[in-house]
Amino acid sequence: MTFYYVIGEDEVTKPVAANDNRGGDPELTAIAPDLVTLYAGGGDCEPIAEVSKEFASQLAVQGTGKLHDGRVVNIWGACNCKHTPCFKVTRAQWGTAGSGKPLQPFRTVAVDPRVVKLGSLLYVPLLEGRTMPGRPPWGGYVHDGCVIADDTGGHIAGNRLDLFVGRKGYFLGLSGSQTSHHWARHVPVFDGTGICDRKGRVGRKAASI
Numbered sequence: 006m007t008f009y010y011v012i013g014e015d016e017v018t019k020p021v022a023a024n025d026n027r028g029g030d031p032e033l034t035a036i037a038p039d040l041v042t043l044y045a046g047g048g049d050c051e052p053i054a055e056v057s058k059e060f061a062s063q064l065a066v067q068g069t070g071k072l073h074d075g076r077v078v079n080i081w082g083a084c085n086c087k088h089t090p091c092f093k094v095t096r097a098q099w100g101t102a103g104s105g106k107p108l109q110p111f112r113t114v115a116v117d118p119r120v121v122k123l124g125s126l127l128y129v130p131l132l133e134g135r136t137m138p139g140r141p142p143w144g145g146y147v148h149d150g151c152v153i154a155d156d157t158g159g160h161i162a163g164n165r166l167d168l169f170v171g172r173k174g175y176f177l178g179l180s181g182s183q184t185s186h187h188w189a190r191h192v193p194v195f196d197g198t199g200i201c202d203r204k205g206r207v208g209r210k211a212a213s214i
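This is the structure we're talking about:
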């Protein structure tokens with residue numbers, strides 16, 4: 006099991022630029038930010054924003070990002086614009102899954118739809134009893150093992166499972182005292198139909214607790 010999250014534009018390291026007062030300092034070199042334009046998918050190539058090349062690269066990997074102005078963008082897919090992939094602006098707080106459903110931290114998983122049908126409830130025993138990072142309602146609770154296969158990804162193939170964790174800080178929080186995600190490298194996954202439910206948010210059925 007791997008993890009993904011919303012990458013914030015503010016979280017990406019910015020290049021250091023020399024200022025006029027220390028222009029002769031050999032430790033400082035004037036660096037012009039390498040900017041690229043994010044385009045909206047759909048054929049019109051409408052510009053969404055200019056961002057650093059590094060942020061654009063991380064955004065393509067994570068699939069969802071938050072711009073400086075607060076807008077949330079989701080990957081749309083390959084396109085014929087000057088820069089690809091293209092994106093779409095979404096009103097969903099955490100972004101939108103491949104199924105069109107809003108992403109839910111610690112509940113949404115990305116799967117290979119050839120292996121797992123989208124919308125399937127899954128039970129991951131290794132998650133049960135583990136405290137999720139963050140604060141309610143999205144984090145700060147003990148997980149019950151229930152997740153839902155609402156998302157897909159370009160690098161998700163075969164039996165791979167990718168858990169959406171919301172924020173980079175939450176991803177780091179899941180590393181535990183060993184500062185490693187090795188605990189999630191190999192996890193058994195079961196059909197959660199008889200154990201889990203989706204009434205608003207995903208969780209355990211009352212009768213199965």
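The sequence shown finishes on residue 214 if you use my numbering, and the numbering steps up by one all the way, no holes.
Every residue, glycine too, gets a C-beta built ideally from N, C-alpha and C.
Predicted model, so just to flag it, every value in this text is computed and none were measured.
Return the Cβ separation of residue 87 and residue 42 in integer angstroms, given the expectation that the two are a contact with Cβ distance under 8 Å.
7 Å
Using only CA atoms, which one of 72, 76 and 154 lies nearest to residue 106?
154
One question on the structure: do residue 99 and residue 171 come within less than 8 Å of each other, judged by their Cβ atoms?
Taking the C-beta atoms as reference points, residue 171 is found nearer than 8 Å to residue 99.
Can you name, in chain order, every residue of its own chain whose Cβ lies under 6 Å from the Cβ of residue 58, other than the five neighbours on each side?
Cβ neighbours of residue 58 beyond the five flanking positions: 39 and 41.
At which residues does the beta strand (DSSP E) containing residue 171 begin and terminate?
167-172
For residue 7, collect the residues of the same chain with a Cβ closer than 6 Å to its Cβ; drop the 5 residues on either side in sequence, then sort them by chain order.
Result list for residue 7: 167, in chain order.
What residue from 51, 196 and 70 has the CA that sits closest to residue 60's CA?
70
Which of helix, strand or coil DSSP assigns to residue 211:
helix
What are the boundary residues of the beta strand (DSSP E) that includes residue 111?
Residue 111 -> no beta strand (DSSP E), and no H or E assigned at all.
By the 10 Å Cβ neighbour count, where 16 or more other Cβ atoms means buried, how is residue 73 classified, buried or exposed?
Around the beta carbon of residue 73, fewer than 16 other beta carbons sit within 10 angstroms, so the residue counts as exposed.
With 16 as the cutoff for other CB atoms within 10 Å, does residue 148 come out buried or exposed?
buried
Go through its chain and collect everything with a Cβ distance to residue 146's Cβ below 8 Å, but skip five positions before and after it.
136 and 137
Please report the residue range of the beta strand (DSSP E) in which residue 77 lies.
77-82
Look at the alpha carbon of residue 197 and the alpha carbon of residue 55, and state the distance between them as a whole number of angstroms.
If I take the Cα positions, the gap works out to 42 Å.
Selection from 124, 111, 46 and 192 that minimises the alpha carbon distance to residue 89
46
With a CB to CB cut of under 6 Å and the five nearest residues on each side skipped, what residues in its chain are close to residue 156?
102, 103, 113 and 115
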